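The structure appears right after this line, and notes come after that.
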RNA sequence: GGGCGAUUAGCUCAGUCGGUAGAGCGCCUGCUUUACACGCAGGAUGUCGGGGGUUCGAGUCCCUCAUCGCCCACCA
């Protein structure tokens, strides 16, 4: 191959364009359920269509692609299922914000259908962008199977699941406090709230004990006095001696004339705080709400949707909250019930969108039951815990299993309804109040019975007397819900909605509801598809730790419910990328790094290699952010940590370039004079290649990506490039030895392409294609024969080399060479011998060391730039020589006309000091009686041998120093 | 408040079985050696956060303190 085809610097952009489309054209990424190969499956954590991918996505997708490519090469029918998430609240919020900024409109101006249409348009744009980013990174997803959590396939799975949950009484209607934006009249998600510390006030109010002879009162403190109108209890700590006699008694709630109980609650009340009495307003405070559930307290809702007070507030009805507060305070004061008012720093919740305070608001929501079944058998949460404790699902690193289990142990029911427009609409129709009466006489009751028998609908028809276990709905209100199986069952929908008997629930499902189905919905469930049969359960899930509870746990739950099996066998939790100061990267903070910028700057392989080398078991990893200029002039964020990823593929490229330039006359069938290689270096490098292949395989099996990246880099750079290729250069120039050298080069390069491919797919494909041009027929590690290589490294076999490729003798010999050559280079540097000057060293050595050096004379001459070398069993130190004393040899280097006694003395003294330090430590240990008697014999033996070696080395150095006519220091102790 | 993690070279991090510490970048010296200056050769750099314990021996195991970060809950 001519150098013209092989630019000095690897051009990642060119390779990316060429080979990605090449892979797609050949369909390598497409999995085939009909294939006899065993399956290996990963479903992508679907990125939100809210925006572009960030560096965390890049890390996660690099990990997944490494595994998928590796398994594909191992002969698995590898499926990487791609797709995106509709991300309910997040996406709707993004589009609504833009609507407001650009057109000054709210969603109510547009209406439900028009807004949803806008969001679809946004989705199309970002989905395209996200999927394209994945392609740029080289991700080998099966694009023909791309899914979206809100597409028809997923929608069917969602509706079927909801229906089955409804039938199984795993879904119920309950109350929950939501964050209510009184201005926009809408529910707001937790992450759409911001806090502000404000200087408020704390009012202390006296509640009189009912029918108390001595006029006893309880003092309660509150930051929101107006909510007292909804109080349904006052709580004290059960162990508080001050109030023991009052527990169970009642209070006269001022201003209302209502009687409320005094309850004992250890959770809500901290007896050391304030007066030790807490007013309980279940409908307007999350803690009080929980307390209310514990004590079966009524929940009195005081609010209208617009923030004014309702009829439950009696005389205050119709007034806005602010005014109610003023009047309540004034009225309390007038009645002498206000004890004190003091300034108090408190935190207020505000809606991100309207910038107005959030009101906790009690509303009807749908819940999925997490607790155990009425018969005591494990419910959803317990089954999901069991899946992990029994290792049906293994979480790596295993410390995350704890957070998974801890969260599930609470068994808190999952609120699945959201007051949004973007998402899967809840397939439930409510009976409307006006329809009562005429409904009974209509044809509907009969139809409903029939449809139910046909399995098209299910219903919950509850009269006030019914009690459902765990159901926290208001027991006084009857309801009738119809759950519909098929969305397009127009016959049913029309009949239900006719005459306004039923209306569909306006809410949509929590986005995690559809995400929880992802591992089976994407494979076609509820249909029994060949894909489902083959690829479920999937093999691995790779994700970030912050969604272990939101997503991982729920996938296990729904997998067990729908599929009767867990969704994946392994879960890998990858680290979170932070900036150099340990802060989360974000667009708004300006410290984010865009993976596409890194690809533009250094290439996809650089991005992937760097991220892989950072993927350790740590939970956070830091990446100092700095700026760089793109070719087009844009200034973008990058990090010095991409340096390794940038240089390494280039190094590999250049080593390959050297090889390819020397393979023009490669002939796999012409083997020179030794089939088993030509020298110790060949046996050594094959042994190393074999060892590296095994370590890399083991590393991938246990998700040690950083270690795998390091092993491969070290082998490629330090063994292959720095030593093996250098050792080979002389042989390549010798026509008799060239064929074997070429054959060796091809074997190692072929192996490196395979081993590196999962991490850096583009440069390895580029090299593989080059190899295929000059050496299409070559050694194949699977068959152990010379045969035509695969047309792409994507589908080449993962290498497993014979165990016999392991030669400790060759390894020892080469390590002797390396050691002595390094010592010679060291001498050169220290004595300022120019690299170009030829030297003629003498090695003093015996036994196997001498053999190794004699055998490698030619190699050593080449790499140390020596014109001759001698190996002798003993020798004096003639004056005017530099001498290096190694543990098993001495090197005597005559320095013609370069006698510098001072420099040589300094050098030897330093060498002596270098020996003295470990020698002192070793001797100290060996003189420790306890060590000698208690440490294992072999440890003692090793140390003794080391001591002998160091002593001998020191002797020689001392003698050497003496010949330099300098005083010698005492023996170290 | 509960949980998890981190603290090792100037920076960012490895360090599996407890046996006297490594890498990349940066730094210093010298090299246009015909694969590579995104390179080659050589070099310097550590009280492994503090204290205590277990052990013949601790970066590694245990306790404790400090600092930083993340997650979850919460502040009447």
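Numbering (our numbering), first residue to last: 38 to 1010.
The beta carbon of each residue, even a glycine, is placed where N, CA and C say it ideally should be.
Source: prediction; values computed, not measured.
- Put simply, of 391, 324, 875, 555 the residue whose alpha carbon is nearest the alpha carbon of residue 221 is 391.
- Under a 10 Å Cβ-count criterion, residue 692 is classified as buried, with 16 or more other Cβ atoms of the shown protein chains found around its own Cβ.
- Counting other Cβ atoms within 10 Å of its Cβ, residue 212 reaches 16 or more and is therefore classed as buried.
- For residue 744, the enclosing alpha helix (DSSP H) begins and ends at 742–751.
- Residue state for residue 398 is assigned as strand, using DSSP reduced to three classes.
- Taking the C-beta atoms as reference points, residue 462 is found no nearer than 8 Å to residue 589.
- The beta carbon of residue 153 sits closer than 7 Å to those of 458, 459, all from its chain and outside the five residues before and after it, given in chain order.
- DSSP places residue 380 inside the beta strand (DSSP E), whose first and last residues are 375–388.
- Within the segment 117–165, complete alpha helix (DSSP H) segments of at least 4 residues are found at 125–140, 144–147, given in chain order.
- Put simply, the backbone Cα of residue 646 is about 15 Å away from that of residue 752.
- Separation of residue 785 and residue 160 (C-alpha to C-alpha, rounded to the nearest whole angstrom) is 47 Å.
- Beyond the five residues adjoining it in sequence on each side, residue 904 comes within less than 8 Å, by CB distance, of 875, 876, 877, 898 in the same chain, given in chain order.
- Counting along the chain, residue 805 sits inside the alpha helix (DSSP H) bounded by residues 798–811.
- Cβ contact annotation for residue 345 (same chain, cutoff 7 Å, sequence separation greater than five): 355, 356, 357, in chain order.
- For secondary structure counted as the beta strand (DSSP E) over 3 or more consecutive residues, the segment 61–103 holds these complete runs in sequence order: 76–80.
- The bridge partners DSSP lists for residue 115 are 77.
- Secondary structure of residue 54 (DSSP, three-state): helix.
- Residue burial is scored here from C-beta neighbours: residue 540 has fewer than 16 other C-beta atoms within 10 angstroms and is therefore classed as exposed.
- When 258, 396, 417 are compared, the shortest CA-CA separation from residue 311 is found for 258.
- Collapsing the DSSP output to three states places residue 451 in a strand.
- It is roughly 6 Å from the alpha-carbon of residue 815 to the alpha-carbon of residue 824.
- The straight-line gap separating the alpha-carbon atoms of residue 997 and residue 955 is approximately 20 Å.
- In terms of Cβ geometry, residue 210 and residue 403 form a close pair [threshold 8 Å].
- Here residue 676 is near residue 630, since their CB atoms are less than 8 Å apart.
- Around the CB of residue 97, 16 or more other CB atoms lie within 10 Å, so the residue is classed as buried.
- Counting other Cβ atoms within 10 Å of its Cβ, residue 329 reaches 16 or more and is therefore classed as buried.
- Membership of residue 254 in the beta strand (DSSP E) is indicated by the continuous run 254–259.
- The C-beta distance from residue 170 to residue 633 rounds to 6 Å, short enough to fall under 8 Å.
- Around the beta carbon of residue 847, 16 or more other beta carbons sit within 10 angstroms, so the residue counts as buried.
- The Cβ neighbour count for residue 832, taken over all protein chains shown within 10 Å, is under 16; the residue is labelled exposed.
- In the DSSP assignment, residue 197 falls within the unbroken alpha helix (DSSP H) covering 189–204.
- Rounded to whole angstroms, the gap between the alpha carbons of residue 178 and residue 810 is 28 Å.
- In the DSSP annotation of this structure, the continuous segment of the beta strand (DSSP E) that includes residue 209 starts and ends at 208–218.
- When C-alpha distances from residue 854 are compared across 819, 900, 820, the shortest belongs to 900.
- Per DSSP, reduced to three states, the secondary structure at residue 794 is coil, with no helix or strand assignment.
- Taking each of 249, 910, 488, 582 in turn and checking the Cα distance to residue 435, the smallest one comes out for 582.
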